[in-house]
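J.:
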Amino acid sequence: MNSKQIRQTFLDFFASKEHEIVPSAPMVVKNDPTLMFTNAGMNQFKDIFLGNSPANHPRVADTQKCLRVSGKHNDLEEVGHDTYHHTMFEMLGNWSFGNYFKKEAIDWAWELLVDVYKIPVDKLYVTIFEGDEKDGVPMDTEAHDLWFKYLPEDRILKGNKKDNFWEMGDSGPCGPCSEIHVDIRNEDEKAVIAGRDLVNEGHPQVIEIWNLVFIQFNRKANGQLEELPAKHVDTGMGFERLCMVIQGKQSNYDTDVFQNVITEIAYLAGKRYGTDEKADIAMRVIADHLRAISFAITDGQLPSNNKAGYVIRRILRRAVRYGYTFLGFRKPFIHQLVKVLTENMGGAFPELIKQQELVVNVIREEEDSFLRTLETGIKLLDTIIEDTRKKNGTEVNGDVAFELYDTFGFPLDLTELILREQGLTVNRAGFELAMEGQKNRSRSATQLETGDWIELQQSAGDGFVGYDTLETKVKINRYRKVKGKKGEFFQLVFNTTPFYAESGGQVGDSGTIEADGKKIEIFDTVKENNLTVHLSKELPDHPQATFTAVVNMKNRRLTENNHTATHLLDHALREILGTHIEQKGSLVSPDSLRFDFNHFQKVTEEELARIQVRVNELIRANDKRDEHREVPIAEAEKMGAIALFGEKYGDLVRVIKFGESVELCGGCHVESTGTIGQFVILSEGSISAGVRRIEAITADKADEYISNHLKSLKEVSALFNNPADLKAAVEELFVKFNALNKQVEAFEKESAGKMKKELLLKVETINGINFLAQQLNVDNAAIIKDIAFQLKGEIDNLFLVLAAEIDGKANVHVMISENLVKERGLNAGTIIRDLAKAVNGGGGGQAFYATAGGKEPSGIPLLLTNARKLI
RNA sequence: GGGGGAUUAGCUCAGUUGGCUAGAGCGUUUGACUGGCAGUCAAAAGGUCAUCGGUUCGAUUCCGAUAUUCUCCA
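With the working numbering, letter number 544 in the first sequence gets 906, and the count goes up by one each step, no holes.
#1: Tell me where the beta strand (DSSP E) around residue 1211 begins and ends.
#2: Do residue 505 and residue 464 count as a contact pair if the criterion is CB distance below 7 angstroms?
#3: At the level of alpha carbons, what is the spacing between residue 814 and residue 405?
#4: With a threshold of 16 other CB atoms inside 10 Å of the CB of residue 1026, please say whether the residue is buried or exposed.
#5: Is it right to say residue 860 is buried, meaning 16 or more other beta carbons lie within 10 angstroms of its own, or is it exposed?
#6: How about residue 459 and residue 420: do their beta carbons lie closer than 7 angstroms?
#7: Based on the DSSP secondary-structure assignment, which residues constitute the bridge partners of residue 572?
#8: Within the same chain, show all residues whose beta-carbon is closer than 7 angstroms to that of residue 634, passing over the 5 residues directly before and after it, in chain order.
#9: On a Cα-Cα basis, can you pick out the residue from 521, 468, 697 and 1034 that is closest to residue 493?
#10: Rounded to a whole number of angstroms, what is the C-alpha to C-alpha distance between residue 993 and residue 1011?
#11: Could you give the residue range of the alpha helix (DSSP H) that holds residue 971?
#12: Distance check for residue 1207 and residue 1217, CA to CA, integer angstroms please.
#13: Which class does residue 1113 belong to by DSSP, given the choice of helix, strand or coil?
#14: Per DSSP, residue 950 forms a beta bridge with which residues?
#15: Excluding the 5 residues preceding and the 5 following residue 498 in the sequence, name in chain order all residues of the same chain whose CB lies nearer than 8 angstroms to its CB.
#16: What do you reckon, are the CB atoms on residue 431 and residue 619 nearer than 7 angstroms?
#17: Rounded to a whole number of angstroms, what is the C-alpha to C-alpha distance between residue 399 and residue 661?
#18: CB residue 328 to CB residue 911, shorter than 7 angstroms?
#19: In whole angstroms, what is the alpha-carbon distance linking residue 955 and residue 1067?
#20: In the DSSP assignment, find the alpha helix (DSSP H) that holds residue 994 and state where it starts and stops.
#21: Between residue 567 and residue 545, how many whole angstroms is the CB-CB distance? I'm expecting something under 8 angstroms.
#22: Where do the ends of the beta strand (DSSP E) carrying residue 458 lie?
#23: Buried or exposed for residue 1127, going by 16 or more other Cβ atoms inside 10 Å?
#24: When DSSP labels each residue in this structure, what does residue 771 get in the three-state scheme?
#25: Which one of 729, 767 and 723 has the shortest CA to CA distance from residue 743?
#26: At which residues does the beta strand (DSSP E) containing residue 896 begin and terminate?
#27: Whose C-alpha, out of 519, 582, 1057 and 1077, is nearest the C-alpha of residue 412?
#28: Are the CB atoms of residue 1200 and residue 1221 nearer to each other than 7 angstroms?
#29: What's the gap between the Cα of residue 799 and the Cα of residue 771?
#30: Could you tell me which of 685, 733 and 426 sits nearest to residue 455, measuring between CA atoms?
#31: When DSSP labels each residue in this structure, what does residue 413 get in the three-state scheme?
#32: Ends of the beta strand (DSSP E) at residue 625?
#33: Identify whether residue 1014 lies in helix, strand or coil by the three-state DSSP scheme.
#34: Excluding the 5 residues flanking residue 947 on each side, which residues of the same chain have their C-beta closer than 6 angstroms to its C-beta?
#35: Helix or strand or just coil, what does DSSP make of residue 1225?
#36: Is the closest heavy atom of the ligand GTP to the C-beta of residue 1109 under 6 angstroms?
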């Protein structure tokens, strides 16, 4: 079976068991502060397990794009070195939400693996939970007995809490799990050591392929477990590993999932896969990372310098690094692999085909910039090597290596590699110490203490009524206290709410809740696991009371203006720049709007002007909002709405139409476009290769902006006595100004020349030195400097002291001919320091020329006589 | 969110006890050589040393804030 058939067989199998087959959620997670990327198949069902949302189908199956690079599952540094770890991988899974439980889960897993995929029974081992006294959970005998139908006792292993008890986090739903492992070693190896002794021991050919989780408990913040009323099944099977087992390979990378890409890498590098261990690792790293980066980009996550975007950048850089070190690539090459990846996986994931050009551009740009980083790092390292050698050392300080890594992004392994070639080493302990210090600083800065939810009442959800009203009566369902570094605040969840929680680029509402004449401010509203969480600085005296919740209307209306304007902008962009335009991000706040979209070149001034005009036309068309709630997604697409890649939609979506603009959107909008009044583009720029950003303002802000500009224009015009053509008047002024400037310069030169001539007459020759000490009447130090340099050019053996009073302060210059400096050991710098005492100042400079200043200009005559004494 | 860096000519960057008429390479313009191109040589133009404030006789340089940006950590 090829990988495509293996994937389809899984889905077909569970469809036949009455499972709803759902699409993969985007790999990039939005609206969950605890998670950046989807790292398991169950992520998209988290709300259901937490009881925040009802399940639409009791049985579900899918294949899910996952990324494991940070947090609990951090495999990044292992990827490529072995044959079975990945950053991005597909997870096949089936779920029961309060429907079937252990029996069906185990029976079906067995049926699929053994009867359908034909994996030999003697290769299989399973594990069950051994129980935990502290938690008061007994051994999972139920799972044991179910497996015992298929497998002998010595193939059913008991595992501890670490391996066989699954938890979502410190608190929340959890339960025992049962894993299925496969031993794919040959018979000789099996004879030496039994497979059962290698299960969960990290052996590359005795591996876990499927984990069946039985969610039957909820762990409270105090650590106690309580039995759940509805029990769930959550399973996950590694697709790449499954392919390896079924295709009889020894490595995930030998399957058809990766081989095309690896062949292409080998071709570009001029090497053969399987001939050199280090080169092989590099090829695996690149093949793996290429998938992760490409899918992240198609899901809307561009590489950037923080958060999720930064994780993507790091993965890409790791690939570049391995290519650089082990395959000899010195120029961008990863972007050239996208074509093969697309040919390979575009069938199952059409987003790759649609966005191929963007992916290539973004990757190439990132490769370029990292290669530049490496170049500066190598330069810095060269000076470090020199310094170390000078000190006769053989070891580079850990701090120095850390600075190179921390500040300049130069990877430690490259530092070590280059140093080794020079016979030097890095103080690894010092590096680790510095790294530890940095980690501690970060951790202590972000520490949050989250209290337990205090439940006041249950309600079926926390329904949002804010589309229709900005004020309503609410009761608090639950609340908790959160302590951060900047103080503490409270999170409140209501039974219903008019507050819009930050989502889809639109910022959260603010406002107040009021009871018994006491108002409490809600300063922000956010979404957490599909719950609308209101943030307040204080807690009401009587949380059980009924409150009047009021949204800050002014801000909400301004936000609505900007949000609708964003839709109109999107529409105008597609009209004027082309239908390839897709949203790559947006921010809608009361103050302004920001819209990111893919476009291959700079938007010209002329295009920008047309876009702004077009949006304003659409505003004046005064189209009414045509809102459709709870539309099946297929129907919405028929209406012309375009779903975004990287956005997770439910079965039912909300469609917002204004004239020809049709969008899937959960945000807040004006009733008719005329309300927006005015739309002004403030800037256009690039945020990444192939992605442009437009920032704009509307309504009051736009009016203010325009009237401010008109006002300054009027004021400037008035300064010119209101000419017919202001621009010409300004240009003329510039021309005149420049001409005058030149005249002044010429005049200054001339007067300097005159002054110089006069000075030439006053030169005395003392002891073979041409000496001159004079006070000048000028108001610009540059003139003195100029005269000094001119005199130096005309008089040999010169010892010159010039001084002037400028702005009530003394300004002194000393110039000494170079030959005097050499022959007589004179130094203008030290001389002027001494002389400057007479004017209560100090100075310095070079041996032949130095300047000084002082607070007491009255001391200048004394200074000049002192200078004479020096000769 | 926290730490560290960077910001100097159109571009890439030098610039240490704070005083060096603020530099280099590439690019641009002009001139010379050449039949033309390419090239070589010569010259010139081009700078608010990111912005604002402070310390100082004097700040590109030291300090603080802001902006932009890079980088590491969470």
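Backbone N, C-alpha and C define an ideal beta-carbon position, used for all residues, glycine too.
T.: The answer reads as follows:
#1: 1211–1216
#2: yes
#3: 22 angstroms
#4: buried
#5: buried
#6: yes
#7: 542 and 599
#8: 628
#9: 521
#10: 11 angstroms
#11: 967–982
#12: 19 angstroms
#13: helix
#14: 868 and 955
#15: 587
#16: no
#17: 11 angstroms
#18: This structure gives no information on residue 328, because the portion of the chain shown stretches from 363 to 1233.
#19: 14 angstroms
#20: Counting along the chain, residue 994 falls outside any alpha helix (DSSP H), though it belongs to the beta strand (DSSP E) covering 988–994.
#21: 7 angstroms
#22: 450–459
#23: exposed
#24: coil
#25: 767
#26: 893–898
#27: 582
#28: yes
#29: 17 angstroms
#30: 426
#31: coil
#32: No beta strand (DSSP E) holds residue 625; the alpha helix (DSSP H) holding it covers 621–631.
#33: strand
#34: 958
#35: helix
#36: For the structure depicted, the ligand GTP is absent and the ligand set is empty, with no information on it obtainable.
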